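Reading through the structure tokens given below for one structure.
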Amino acid sequence: MPTVSLFIPCLVDLVLPRVGECTATLLSHLGCKPIYHSEQTCCGLMAFNGGHRDEARRLARRFIRVFEHDPLIVSPSGSCVHMVKQRYAELFADEPAWRARALALAPRVYELSQFVVDFLGVQDVGAADEVTVAYHESCSTLNALGVSAQPKALIRAVRGATLKEWQGADVCCGFGGTFANSFAPISSALVRQKVAFFLESGADLLVMCDPGCLLNIGGYLHRHHPDKQAMHLAQFLADRLPDGPARDAWS
Amino acid sequence: MELTTARFKETAQVELDNARTQKFLRLLPIRLSARRDAAYRSFADPEAAHAYGHAIRGEAIERLPELLKTFEANAEANGALVFWAADSDAANAYIVDLARRKGARYVTKGKSMITEELGLNDALAAAGITAWETDLGEFIAQLLEKPPFHIVGPAINIPVEQIRDIFMARGVLDTPTIDPVTLGRAARRFLRDKFRDLRMGVTGVNIAVADTGTVINVENEGNIRFNKSSPRTLVCVMSLEKVVPTMADALHMLRVLCRSATGQAAGAYITFDSGPRREGESDGPEELHIIVLDNGRSAMAADPHTREVLRCIRCGACLNACPVYGKVGGYPYGWAYSGPMGQVLTPALRGLADTGDLIRACTLCHRCKVICPAGIDHPATLLYYRHKDVQADPQMGGRGRSAMERLAYWGHAFVGSHPRLWRLFARIVRRVANRHAHDGTISRITRRTEGWFSSRDLPLLPQDTFHDRWRQGAAARKPRKEVSS
Numbered sequence: 001m002p003t004v005s006l007f008i009p010c011l012v013d014l015v016l017p018r019v020g021e022c023t024a025t026l027l028s029h030l031g032c033k034p035i036y037h038s039e040q041t042c043c044g045l046m047a048f049n050g051g052h053r054d055e056a057r058r059l060a061r062r063f064i065r066v067f068e069h070d071p072l073i074v075s076p077s078g079s080c081v082h083m084v085k086q087r088y089a090e091l092f093a094d095e096p097a098w099r100a101r102a103l104a105l106a107p108r109v110y111e112l113s114q115f116v117v118d119f120l121g122v123q124d125v126g127a128a129d130e131v132t133v134a135y136h137e138s139c140s141t142l143n144a145l146g147v148s149a150q151p152k153a154l155i156r157a158v159r160g161a162t163l164k165e166w167q168g169a170d171v172c173c174g175f176g177g178t179f180a181n182s183f184a185p186i187s188s189a190l191v192r193q194k195v196a197f198f199l200e201s202g203a204d205l206l207v208m209c210d211p212g213c214l215l216n217i218g219g220y221l222h223r224h225h226p227d228k229q230a231m232h233l234a235q236f237l238a239d240r241l242p243d244g245p246a247r248d249a250w251s
Numbered sequence: 001m002e003l004t005t006a007r008f009k010e011t012a013q014v015e016l017d018n019a020r021t022q023k024f025l026r027l028l029p030i031r032l033s034a035r036r037d038a039a040y041r042s043f044a045d046p047e048a049a050h051a052y053g054h055a056i057r058g059e060a061i062e063r064l065p066e067l068l069k070t071f072e073a074n075a076e077a078n079g080a081l082v083f084w085a086a087d088s089d090a091a092n093a094y095i096v097d098l099a100r101r102k103g104a105r106y107v108t109k110g111k112s113m114i115t116e117e118l119g120l121n122d123a124l125a126a127a128g129i130t131a132w133e134t135d136l137g138e139f140i141a142q143l144l145e146k147p148p149f150h151i152v153g154p155a156i157n158i159p160v161e162q163i164r165d166i167f168m169a170r171g172v173l174d175t176p177t178i179d180p181v182t183l184g185r186a187a188r189r190f191l192r193d194k195f196r197d198l199r200m201g202v203t204g205v206n207i208a209v210a211d212t213g214t215v216i217n218v219e220n221e222g223n224i225r226f227n228k229s230s231p232r233t234l235v236c237v238m239s240l241e242k243v244v245p246t247m248a249d250a251l252h253m254l255r256v257l258c259r260s261a262t263g264q265a266a267g268a269y270i271t272f273d274s275g276p277r278r279e280g281e282s283d284g285p286e287e288l289h290i291i292v293l294d295n296g297r298s299a300m301a302a303d304p305h306t307r308e309v310l311r312c313i314r315c316g317a318c319l320n321a322c323p324v325y326g327k328v329g330g331y332p333y334g335w336a337y338s339g340p341m342g343q344v345l346t347p348a349l350r351g352l353a354d355t356g357d358l359i360r361a362c363t364l365c366h367r368c369k370v371i372c373p374a375g376i377d378h379p380a381t382l383l384y385y386r387h388k389d390v391q392a393d394p395q396m397g398g399r400g401r402s403a404m405e406r407l408a409y410w411g412h413a414f415v416g417s418h419p420r421l422w423r424l425f426a427r428i429v430r431r432v433a434n435r436h437a438h439d440g441t442i443s444r445i446t447r448r449t450e451g452w453f454s455s456r457d458l459p460l461l462p463q464d465t466f467h468d469r470w471r472q473g474a475a476a477r478k479p480r481k482e483v484s485s
């Protein structure tokens, strides 16, 4: 029963806590013991992407101090995992001691689906539902982490679920963090296009591994297509476990 | 060429509102990307071929000074004249002076982004010398006085009716038609005339080979071959990073260049020039001038981050892969280079101060990095530029960010360094945001966030964060249900 340290992105903490709960539920269900360091705050992704590296370093040092003794760290966010795994080394290019600590930490950090499939070796989590699903290939997850087969394997293994092959699956949804706000017309055109592809796919549900994309696509669907739903993979799986969504995540 | 990058957002809006641009962009980049992917699959080992290209370009930029010296020595041994141009003015002055000395009233040109960078056509015009673009797309763009929409297909977005009208107005076409073959034939007839008794031709360079002193051009129309073989004097302009060590390297780069640019295994015409016409040869120029342009690239090569950008081989694959380019096309980038390659090149050459929002017009999707045959990490480079901009780096012309933004990020890091403050801050954010909620939905907050809310809602922020739920759950061992929608 591996102990797994939950790395909860700030977006999940504040806006989508259910995604964090479902991550814990799923990991417990698969025989892991999720733990949560309550002193965690932010990995520094937003500051780094904004070019504010001093601030990003401050947050990254804190992240390293909080997590570096954990053997396994799992997060329901491809972009945050990418930050910690691949950007920290560059962030600390001029600080060898911190760089070494960042590099030592990196291999123990997993995106959720990556952890379940690659580390635990599980594809069938025991979930079941008659549903047609389209999987959105979040850019950080697909292009930066190279994670794509894992979430799709998890969805395919849900009894009764059909995973759609669809055009536009790997097209960017236009989130890009502050880009969504500061380049709103372009970002909006991209999310509109993404949703048009999704509607064309005929799937009931759009599932993804990144809370940023979820906020973007979910927010667009809520405004324009309230009958359609986007959902995080963690929630998709946890809600369809035999014990149902009410399973205690913390036992 | 005038730099209009500072107006990125305005030009982008014009293109977003242009139904024709949108219709076109829905088709072409996707089609070109698909062709590129199919062409790559024709490699026995696509990944190895891709990596090999990265290795060649990586070696080229690491050995740049030495390779350029070797190239110069070998090109001169072949009889070419090599001129090192420090900047656009030096290159333009050399070409204008040469044209005057050769008594050229006009010069013909092959499509080259580097002469767009130089603004060569304007410099020639100012000296009373006409420059005729002979690539069909570039010819159309020139007649319409439009900047290139795409580095590989500069006029690829222009409707055929507009081409008919400008051809009629300029005497290229006798009878109006929108038949593409007739239009192409008319342009060919018009331009072919320019190649007769040609004094001087100007082309760019795709690859320069250090070992042999050879300049290589790739094309599909044959106009570059005419440009290189017809005139008495040929000028080939290359940016200094175009050099590769050996002919074997060049041949591999041709394989990835043609596949990445147009999805072809090889362009229709690939021209290798090692010096001017020699005794006993039937054609070729009497003089071959090779201009090696710096224009800020030495400074780029001095910084290991910006040096990486010099890997670029101008294939345009990143444009076709880019979601932002795919919505706004090439005009907003405001200079010779567009898409991700323009975003990493233009700020380095023209400075951050004059290139506005270019470095932030990116979702960091990483598709450009994945597809790049030269091994450029565009997102990492853009993040580096953003950092330099925040620092107000004088070398890169960083402007620094507003006091408001700096304070916000400083506050973010400060609060994020104190978990209890972080929790308190989360409660404040929730209270402020939820004050704007109606029926469980937030549809606007402040003017500063109106971009987000222009097309998207936010859910009501739940009454407890994950942190709260974990603590409550740990205490009560009891599941909780979502409060909000």
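The listed protein sequences derive, respectively, from chains A and B.
Here the first sequence stands for residues 1 to 251, where the numbers follow the UniProt record's numbering.
Here the second sequence stands for residues 1 to 485, where the numbers follow the UniProt record's numbering.
For glycine and all other residues, C-beta sits at the position ideal for the given N, C-alpha and C.
Only a predicted model underlies this, so the values are computations on that prediction, with no experimental measurement involved.
Sequence-distant partners of P211 of chain A (beyond 5 residues in either direction) whose C-beta falls short of 8 angstroms from its own C-beta, in its chain, are P9, L11, V12, V15, L16, V19, P76, S77, H232.
Closer than 9 angstroms at the C-beta level to chain A, one finds no residue of the stretch 47–75 of chain B. Within a 10 Å sphere around the beta-carbon of G204 of chain B sit 16 or more other beta-carbons, which makes this residue buried. Counting only residues of its own chain and dropping the five nearest sequence neighbours on each side, S229 of chain B has a CB closer than 8 angstroms to the CB of D283, G284, P285.
Between the alpha carbons of T306 of chain B and Q86 of chain A lies a distance of about 19 angstroms. Every unbroken stretch of the beta strand (DSSP E) spanning 3 or more residues and falling wholly within the stretch 120–174 of chain A is given here in chain order: 128–135, 159–164.
Leaving aside the five residues that flank A47 of chain A on each side, the residues in its chain whose CB is nearer than 7 angstroms to its CB run, in chain order, E55, A56, L59. No Cβ of chain B is located within less than 8 angstroms of the beta carbon of H225 of chain A. With respect to chain A, the C-beta atom of Y409 of chain B has a partner C-beta closer than 8 angstroms.
P34 of chain A: member of the beta strand (DSSP E) spanning 33–35, first to last residue. Here DSSP, grouped into helix, strand and coil, assigns C236 of chain B to strand. Interface annotation, S455 of chain B: in contact with chain A, CB-CB separation under 8 angstroms. Between the alpha carbons of L254 of chain B and G275 of chain B lies a gap of roughly 20 angstroms. One alpha carbon belongs to P154 of chain B, the other to E279 of chain B, and they sit about 38 angstroms apart. Runs of the beta strand (DSSP E) spanning 3 or more residues and lying entirely within the stretch 79–105 of chain B occur at 81–85, in chain order. Distance from the CA atom of D468 of chain B to the CA atom of D70 of chain A, rounded to whole angstroms, is 22 angstroms. Note that the C-beta distance between P419 of chain B and E68 of chain A is not below 8 angstroms. Going by C-alpha positions, I30 of chain B is about 28 angstroms away from A250 of chain B.
Under the DSSP assignment, H232 of chain A falls in the beta strand (DSSP E) whose first and last residues are 229–232. Nearest CB-CB separation between G416 of chain B and chain A: below the 8 angstroms threshold. Chain-order list of chain B residues neighbouring P151 of chain A: empty, with the shortest C-beta distance near 17 angstroms, by a criterion of under 9 angstroms.
When C-alpha distances from K9 of chain B are compared across A:S182, A:L221, A:P226, the shortest belongs to A:S182. At least one C-beta of chain A is nearer than 8 angstroms to the C-beta of D464 of chain B. Nearest to C32 of chain A by C-alpha distance, out of A:E130, A:M1, A:A184, A:T41, is A:M1. Distance from the Cα of R100 of chain B is smallest, within the candidate group B:A6, B:I114, B:A126, B:T115, for B:A126.
Distance between E130 of chain A and G400 of chain B, taken at the CA atoms: about 54 angstroms. Check the Cα spacing between V122 of chain A and each of A:Q193, A:A157, A:R99: the tightest is with A:A157. Membership of Y331 of chain B in any beta strand (DSSP E) is not indicated, and neither H nor E is assigned to it by DSSP. For C236 of chain B, the closest of B:I224, B:A77, B:T246 by C-alpha to C-alpha distance is B:I224. If the five residues before and after E76 of chain B are omitted, its C-beta is found closer than 8 angstroms to the C-beta atoms of V82, G213, all from its own chain and listed in chain order.
Around the CB of R105 of chain B, fewer than 16 other CB atoms lie within 10 Å, so the residue is classed as exposed. Secondary structure at N217 of chain B: strand, using DSSP grouped into helix, strand and coil. Listed along chain B are A12, L16, V324, K327, V328, A361, each with a C-beta nearer than 8 angstroms to that of I186 of chain A. For P459 of chain B, the C-beta contacts it makes with chain A under 9 angstroms involve V15, L16, L215, G218, G219, H222, in order along the chain. Here A93 of chain A carries a coil assignment [DSSP, helix/strand/coil]. When C-beta atoms of the stretch 10–29 of chain B are compared with those of the stretch 327–345 of chain B, three or more pairs fall below 8 angstroms, so the two segments count as touching.
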